[in-house]
Amino acid sequence: MEATDENSSQLPAYTALKWGEFVANPHLLYNLCPGSSNRREDNVINMAGIWTNPNNREFKVEGIEELERLRNDLLTKPILFHVKLQHHKTEHYVVMKVHKTWKDEFAVLVNTRHPGIREVLTHKLLEITQHMQEGKKFCLKLDFGPAMKQWYSGAVDSQPDLCDNRRSSDSGHMEIAIHNYSTPVDCCMNPLCIVGCFPFWLLLGGPCYCIHRTRKCIDDSHDFRDLPVVLITGVSLRVTVRQNMPPPGPPQHYNPQGPPQYYNPQGPPAYQPGVGPGNYGPTPPPPYPGNNC
Numbered sequence: 001m002e003a004t005d006e007n008s009s010q011l012p013a014y015t016a017l018k019w020g021e022f023v024a025n026p027h028l029l030y031n032l033c034p035g036s037s038n039r040r041e042d043n044v045i046n047m048a049g050i051w052t053n054p055n056n057r058e059f060k061v062e063g064i065e066e067l068e069r070l071r072n073d074l075l076t077k078p079i080l081f082h083v084k085l086q087h088h089k090t091e092h093y094v095v096m097k098v099h100k101t102w103k104d105e106f107a108v109l110v111n112t113r114h115p116g117i118r119e120v121l122t123h124k125l126l127e128i129t130q131h132m133q134e135g136k137k138f139c140l141k142l143d144f145g146p147a148m149k150q151w152y153s154g155a156v157d158s159q160p161d162l163c164d165n166r167r168s169s170d171s172g173h174m175e176i177a178i179h180n181y182s183t184p185v186d187c188c189m190n191p192l193c194i195v196g197c198f199p200f201w202l203l204l205g206g207p208c209y210c211i212h213r214t215r216k217c218i219d220d221s222h223d224f225r226d227l228p229v230v231l232i233t234g235v236s237l238r239v240t241v242r243q244n245m246p247p248p249g250p251p252q253h254y255n256p257q258g259p260p261q262y263y264n265p266q267g268p269p270a271y272q273p274g275v276g277p278g279n280y281g282p283t284p285p286p287p288y289p290g291n292n293c
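The opening residue of the sequence shown carries number 1 in UniProt numbering; numbering runs sequentially from there.
Here it is in structure tokens:
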């Protein structure tokens, strides 16, 4: 287990792969996940299915034992997300404005054993465990999306101008919630929604909902930011694997069930001249047979 923890801590906090490449070969990410199961996909908390069922990003726990199992999974297994990112930029010129938009779709593997993530997770999970032991209702929201938005905006727009308007957004599918009650209604609790739609919020009972929610449940949240993101591709991953291969061993014995293996089948070995007079090595060649001169 210690070796597994050490290998996982060496992985970046976020490992991103273009969604199309992940669909074609999911093991490009699954093979990065150490674990006790022989099936690498079982060593991952797969949250990619929240596209079809948003309820999958909610973990409702009914007791201490269930919360402890979830806590162990979150602290030992990476989380796989499927996210769409968009970055918009408006460039201002004297006579016109130029709008630019970048869009991409990624599979993202979040390494929960990374020190920048593990410390926060351990602290937050300990707090809700105490709430559970005290018989209180709670809801903890963890949003891993802000770090991806920061990375993507810097990758596609590396030289921002102070006069330009820049805006990044994601699909919101890198957020998970852990609760023993319910998740809050965003349009009733979000300050931006309250300010923008204050008359409707007031008429539809928004204040009553906020008071009831505050008295009934302890809501907490955390946004992960400023974490390293590494983008990999199938080509770069294969090159990395080849560079880490051990040096070739001694020649193998002949295998009667298949053709013999050669060390370099791509071409004949190049001639290496020795250090000596002429084109010969230090030792002169033997005399021609039968020549007694």
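Even glycine gets a Cβ: it sits at the ideal position worked out from N, Cα and C.
Note the first and the last residue of the continuous alpha helix (DSSP H) segment covering residue i.
| i | result |
| --- | --- |
| Val120 | 115-133 |
| Glu68 | 64-76 |
| Leu192 | 191-196 |
| Glu21 | 19-24 |
| His27 | 27-30 |
When the distance is taken between beta carbons, is residue j closer than 8 Å to residue i?
| i | j | result |
| --- | --- | --- |
| Cys33 | Pro78 | yes |
| Ile232 | Thr15 | yes |
| Asp143 | Glu175 | yes |
| Val44 | Leu80 | yes |
| Leu11 | Leu74 | no |
| Arg213 | Pro191 | no |
| Asn180 | Lys60 | yes |
| Lys149 | Ala177 | no |
| Tyr30 | Glu21 | no |
| Leu48 | Asn111 | A small correction: the amino acid at residue 48 is Ala; Leu does not occupy that position in the sequence shown. It is not a contact, given that the beta carbons lie outside the stated cut-off. |
| Ser153 | His99 | no |
| Trp151 | His82 | no |
Rounded to whole angstroms, what's the CA-CA distance from residue i to residue j? Just pull it up for me.
| i | j | result |
| --- | --- | --- |
| Cys217 | Lys97 | 47 Å |
| Thr122 | Thr129 | 11 Å |
| Pro207 | Phe224 | 29 Å |
| Lys137 | Cys188 | 19 Å |
| Pro146 | Val230 | 15 Å |
| Asp157 | Thr76 | 35 Å |
| Asp219 | Met132 | 13 Å |
| Ile211 | His27 | 48 Å |
| His92 | Thr101 | 15 Å |
| Glu134 | Arg215 | 15 Å |
| Leu17 | Leu109 | 9 Å |
| Val94 | Ala155 | 27 Å |
| Arg71 | Tyr209 | 30 Å |
| Asn46 | Ile64 | 23 Å |
| Pro199 | Gly205 | 10 Å |
| Leu237 | Glu58 | With a pLDDT of only 49 at Leu237, under 50, the local geometry of the prediction cannot be trusted, and the value read off the model is given with reservation. About 33 Å. |
| Asp186 | Ala24 | 36 Å |
| Arg69 | Glu62 | 12 Å |
| Arg39 | Lys84 | 27 Å |
| Ala107 | His173 | 11 Å |
| Glu127 | His222 | 13 Å |
| Arg113 | Leu202 | 44 Å |
| Pro228 | Ser182 | 32 Å |
I'd like the span of the beta strand (DSSP E) that includes residue i, first residue to last.
| i | result |
| --- | --- |
| Leu140 | 138-143 |
| Val95 | Where Val95 is concerned, there is no enclosing beta strand (DSSP E), given that its DSSP letter is neither H nor E. |
| Leu231 | 229-232 |
| His222 | 218-223 |
| Ala177 | 175-179 |
| Glu58 | 58-60 |
### Task
Would you check if the stretch 117-137 and the stretch 183-195 touch, i.e. whether three or more CB-CB distances between them fall below 8 Å?
Too few Cβ pairs lie closer than 8 Å, so no.
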